[in-house]
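**Q** Quick one: the structure is below, questions incoming.
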Amino acid sequence: MRILSFSFETTLQFSDPVSEHSFVLRCLPKSCASQTVLDSQIIITPHTTVAAQVDGFGNLLQVGRIAEPHSEFNFISSGMVVVDTENCSAEPAHPMFLRDSSFAATSGAIRTFAADALRVACNAPAWDKAMKLSHALYEHLSYKPGATDVSTTAAEAFELGCGVCQDYAHILIAACRAEGICARYVNGLIVGEGATHAWVEVHDGDHWRGIDPTHDRAVTDEYIALSRGRDFSDCAIESGVFRGGAQQSQNVIVHVVDQASRL
Amino acid sequence: MYENLVRHTPKINQQLARYGVKFGIYKDNVFSERLFPFDAVPRIISAEAWDVLERGLIQRVDALNAYLRDLYGDKQIIADGVVPQDFAFASSGYLPQCEGIVPPKGIYSHISGIDLVEGDDGEWYVLEDNLRIPSGASYPLVARNLCRRCDAETFRGSAIRDNRDYGERLRAVMDNVNCGGINVVLTPGRFNAAYFEHSYLAEHAGAVLAEPSELFVDNETLYFRDATANRKVGAVYRRLSDEYLDPLCFLPESLIGVPNIMSAYRAGNVAIVNAPGNGAADDKGIYYFVPKMVEYYLGEKPLLKNASTYLPFYDDDMAYVMDNADTLVIKDVAEAGGYGVVFGSTLAPEKLEELKALIRREPRRFIAQEVIDFLCLPTYIGGEMVPRKADLRAFVLSGEKTSVWPSGLTRYSREEGSSVVNSSQGGGFKDTWVLCR
Chain A
14 MRILSFSFET TLQFSDPVSE HSFVLRCLPK SCASQTVLDS QIIITPHTTV AAQVDGFGNL
74 LQVGRIAEPH SEFNFISSGM VVVDTENCSA EPAHPMFLRD SSFAATSGAI RTFAADALRV
134 ACNAPAWDKA MKLSHALYEH LSYKPGATDV STTAAEAFEL GCGVCQDYAH ILIAACRAEG
194 ICARYVNGLI VGEGATHAWV EVHDGDHWRG IDPTHDRAVT DEYIALSRGR DFSDCAIESG
254 VFRGGAQQSQ NVIVHVVDQA SRL
Chain B
9 MYENLVRHTP KINQQLARYG VKFGIYKDNV FSERLFPFDA VPRIISAEAW DVLERGLIQR
69 VDALNAYLRD LYGDKQIIAD GVVPQDFAFA SSGYLPQCEG IVPPKGIYSH ISGIDLVEGD
129 DGEWYVLEDN LRIPSGASYP LVARNLCRRC DAETFRGSAI RDNRDYGERL RAVMDNVNCG
189 GINVVLTPGR FNAAYFEHSY LAEHAGAVLA EPSELFVDNE TLYFRDATAN RKVGAVYRRL
249 SDEYLDPLCF LPESLIGVPN IMSAYRAGNV AIVNAPGNGA ADDKGIYYFV PKMVEYYLGE
309 KPLLKNASTY LPFYDDDMAY VMDNADTLVI KDVAEAGGYG VVFGSTLAPE KLEELKALIR
369 REPRRFIAQE VIDFLCLPTY IGGEMVPRKA DLRAFVLSGE KTSVWPSGLT RYSREEGSSV
429 VNSSQGGGFK DTWVLCR
């Protein structure tokens with residue numbers, strides 16, 4: 014068990030002012046079995062009223078609109094979370110996490126890859142299989158920022174042989190589903206990384222367990238989950254629609270600190 | 009009783025063309041558009057026959073609404089094994105984004121278009137449920153008006169139930185779920201092939217016709233941008249499909265949606281007519297289970313029949329389909345619209361074997377149905393009366409109570425003997441007369 018404090022800041026810069034900017038943010042953690050949110054807040058600039066809602070996947074949303082022209086959009090979420098991955102409670106898996114989804118659909122190549130990786134583990138529990146798939150994927154894929162983008166699918170990234178955390182997660186999800194293992198996508202923050210991260214949860218027996226294919230390891234108490242879905246497209250941390258044909262650039266700063274290390 | 013009307017047919021068709029009454033079926037994301045020929049010889053339904061149909065349709069739609077409430081809520085019917093999860097969640101119309109949202113008054117399908125045919129045995133069979141945005145109510149409405157204008161005598165003398173209250177019925181349905189504010193009909197715009205219907209229904213329901221850019225969401229509330237003020241919207245009858253409704257919830261590339269309309273809906277501040285996610289209850293794979301839903305939710309025997317349908321997913325059905333594939337219609341659940349529909353009788357033996365092998369390999373992907381011999385209606389084509397196969401789209405409205413509009417859209421096939429009544433296949437339409445006695 015760890016107590017983590019986090020601060021997560023995103024700035025969108027527009028080359029020309031935009032207006033009527035509607036947005037949905039999934040930037041605040043929600044309490045669940047393995048994580049208890051002690052405290053959290055959000056500051057949005059330009060100032061506007063936001064409504065807190067919960068989406069169909071159980072994620073916490075901040076929904077709002079900025080009507081006036083603005084050339085910068087900034088949000089800072091921060092708070093304190095107790096993480097205890099040992100504390101997992103039984104939760105049934107929705108069958109949708111077993112089916113192909115747009116970004117994490119299986120391809121012939123991924124299916125073959127998964128079958129090969131599990132050739133000697135056909136009767137192992139879901140968790141062991143998923144770990145084996147993660148090992149094999151870690152060998153197959155090289156981490157390479159810029160090779161893929163947010164619209165790259167699991168099949169495309171697998172073909173390329175490289176990608177970032179989002180691609181690692183999508184391919185592992187597709188491989189798990191090909192092997193009949195329920196898997197879902199997680200966006201979040203981790204200790205020691207300056208950007209947001211993505212990983213996978215697989216349904217093992219009667220509960221969900223986290224696995225981080227980018228680092229090829231089980232999720233530890235240093236991970237804060239922000240949103241979950243079938244794949245990236247269900248649970249983007251930030252999405253918006255606005256009026257104005259501006260170019261946009263994004264800057265993200267993440268600080269996650271283990272409170273114990275501060276003592 | 010319709011003899012006088014027949015000679016007015018060309019005139020009525022000219023009027024329909026002038027009004028821009030085109031037929032566009034928005035189905036499985038494909039829009040087809042064309043002039044829709046009108047035949048003045050109506051389908052006539054007796055009061056007794058209507059009574060049975062009406063009760064059966066109300067029952068069916070009530071069960072479908074109960075299923076949608078359950079599917080996006082407790083999922084009891086799946087836990088009880090009545091609908092297998094492989095079918096419930098395999099439907100492309102199932103939208104997990106709608107999980108946990110309870111629409112105002114728990115109504116999902118406010119306007120249901122149920123497609124039926126009358127068999128040679130005199131029984132009605134349901135072919136398809138349309139719970140998304142079934143179109144077509146305006147055609148018999150406009151045609152009835154034009155017919156009355158051409159020949160008022162026919163209607164004065166006969167005991168035909170008036171169908172001109174559809175607008176009022178639609179308004180009552182919207183008022184029933186309105187969360188405070190005005191009623192709006194949301195159209196993709198005037199270049200949409202069904203724009204005529206959108207504007208016609210808005211006018212007759214006393215609702216504001218709005219294009220997406222005229223609506224916006226602020227603080228979990230949907231507003232209509234008026235010239236002078238922003239007016240709160242309490243119910244929106246949207247005539248665009250789920251995936252385009254909200255770029256921040258569904259397809260991000262949608263340019264015709266209203267950003268964050270789902271947040272207003274989630275918060276219970278606006279009713280969306282029909283509810284997003286209804287496609288989970290009206291696809292080919294789920295159709296088989298609708299009579300079971302009637303028994304499960306209402307504890308009643310279904311009054312309306314399905315075409316006999318087999319799911320190769322079940323062993324007994326698989327055996328039957330393998331033995332009788334040459335006489336059945338095989339439908340691919342995954343395919344949209346008319347695609348993936350094959351009459352076994354039209355296939356060469358080796359093609360039939362290929363199909364059977366495919367069904368054995370992917371049993372969940374297919375359903376098989378008996379071919380229904382359905383009745384022909386007299387139709388006036390090329391100066392003579394000829395028999396044509398015809399179906400009926402009945403409109404069921406779920407407001408405070410569920411009711412059936414005493415009319416409907418009758419579509420007939422262009423070719424003799426053909427059972428394809430789809431507008432895209434060149435058929436036409438008729439008015440549907442329900443008699444008072």
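Sequences listed follow chains A and B, in order.
Position in the first sequence (first residue = 1) + 13 = my numbering.
Position in the second sequence (first residue = 1) + 8 = my numbering.
Virtual Cβ for every residue (Gly too), placed ideally from N, Cα, C.
Source: prediction; values computed, not measured.
1) Do B/V329 and B/I294 have their beta-carbon atoms positioned less than 8 Å apart in this structure?
2) Along chain A, in chain order, which residues have C-beta atoms closer than 7 Å to that of B/R274?
3) Take every Cβ of the stretch 393-411 of chain B, pair it with every Cβ of the stretch 353-364 of chain B, and state whether three or more of those distances are shorter than 8 Å.
4) Just curious, the beta strand (DSSP E) that B/S207 is in, first and last residue?
5) For the stretch 58-85 of chain A, which residues have a beta carbon sitting closer than 7 Å to at least one beta carbon of chain B?
6) Give me the DSSP bridge partner(s) of A/Q66.
7) Just how far apart, CA to CA, sit A/I203 and A/T209?
8) Kindly confirm or deny that the stretch 304-312 of chain B and the stretch 51-59 of chain B touch, where touching means at least three C-beta pairs closer than 8 Å.
9) Under 7 Å Cβ-Cβ, which residues of chain A neighbour B/L256?
10) Compare the C-beta of B/V193 against all C-beta atoms of chain A and say whether one is closer than 8 Å.
11) Can the beta-carbon of A/S147 be found closer than 8 Å to that of A/D97?
12) Okay, do the stretch 98-111 of chain B and the stretch 66-73 of chain A touch, 3+ Cβ pairs below 8 Å being the bar?
13) Judging by CA-CA distance, which residue of A/W212, A/H220, A/D219 and A/D244 is the nearest neighbour of A/E235?
14) Using alpha carbons as the reference points, say which of A/F126, A/F171 and A/S28 lies closest to A/Q11.
15) Is B/F374 close to chain A? Criterion is C-beta to C-beta, closer than 8 Å.
16) Could you tell me which of A/V269, A/D271 and A/S252 sits nearest to A/T24, measuring between CA atoms?
17) Run down chain A in chain order and give the residues with a C-beta less than 8 Å from the C-beta of B/S271.
18) Is it the case that the stretch 78-88 of chain A contacts the stretch 26-43 of chain A, given that we only count it when at least three CB pairs across the two stretches are under 8 Å?
19) From the DSSP output, in three-state form, read off B/F199 for me.
20) Is B/N277 near B/A243, with beta carbons less than 8 Å apart?
21) Judging by CA-CA distance, which residue of A/E206, A/T161, A/D219 and A/V215 is the nearest neighbour of A/D271?
22) Got a sec: is the Cβ-Cβ distance from B/P267 to anything in chain E below 8 Å?
23) Measuring CB atoms only, is the stretch 100-109 of chain A touching the stretch 159-174 of chain A, in the sense that at least three cross pairs come out at less than 8 Å?
24) Could you check whether the Cβ of A/M93 sits closer than 8 Å to any Cβ belonging to chain B?
25) Tell me A/W221's beta-bridge partners as DSSP assigns them.
26) For A/P30 and chain B, any beta-carbon pair shorter than 8 Å?
27) Do B/E136 and B/D123 come within 8 Å of each other at the CB atom, strictly closer than that value?
28) Ordered along the chain, which non-local residues of its own chain (more than five positions away) have a Cβ less than 6 Å from that of B/F258?
29) Assign B/T335 to buried or exposed, taking buried as 16 or more other Cβ atoms, counted over all protein chains shown, within 10 Å of its Cβ.
30) Give the single residue among B/F374, B/V266 and B/G214 whose Cα lies nearest to the Cα of B/V350.
31) To which residues does DSSP link B/G436 through a beta bridge?
32) Let me see if you follow: with CB-CB separation under 8 Å, is A/V190 close to chain B or not?
33) Quick one, which of B/G101, B/M301 and B/P284 has its alpha-carbon nearest B/K292's?
34) DSSP state of B/V29, grouped into three classes?
35) Name, please, each residue of chain B whose Cβ falls closer than 8 Å to the Cβ of A/R112.
36) Verify whether the separation of the beta carbon atoms of A/I16 and A/A273 is less than 8 Å.
**A** So, to answer that:
1) no
2) Q66
3) no
4) Where B/S207 is concerned, there is no enclosing beta strand (DSSP E), although the alpha helix (DSSP H) it sits in stretches over Y203 to A213.
5) T62, A64, Q66, D68, G69, F70, V76 and R78
6) A/L74
7) 8 Å
8) no
9) S35, V37, S252 and V254
10) no
11) no
12) yes
13) A/W212
14) In the structure as shown, chain A starts at 14 and stops at 276, and residue 11 of chain A therefore has no counterpart that could be examined.
15) no
16) A/S252
17) V37, A64, Q66, L74 and V76
18) yes
19) coil
20) no
21) A/E206
22) In the displayed structure, chain E is absent; the protein chains listed are A and B.
23) no
24) no
25) A/H216
26) no
27) yes
28) E251
29) exposed
30) B/F374
31) B/Y420
32) This sequence places Arg at residue 190 of chain A; Val is not what is there. So no, A/R190 is outside the interface.
33) B/G101
34) coil
35) F97 and A98
36) yes
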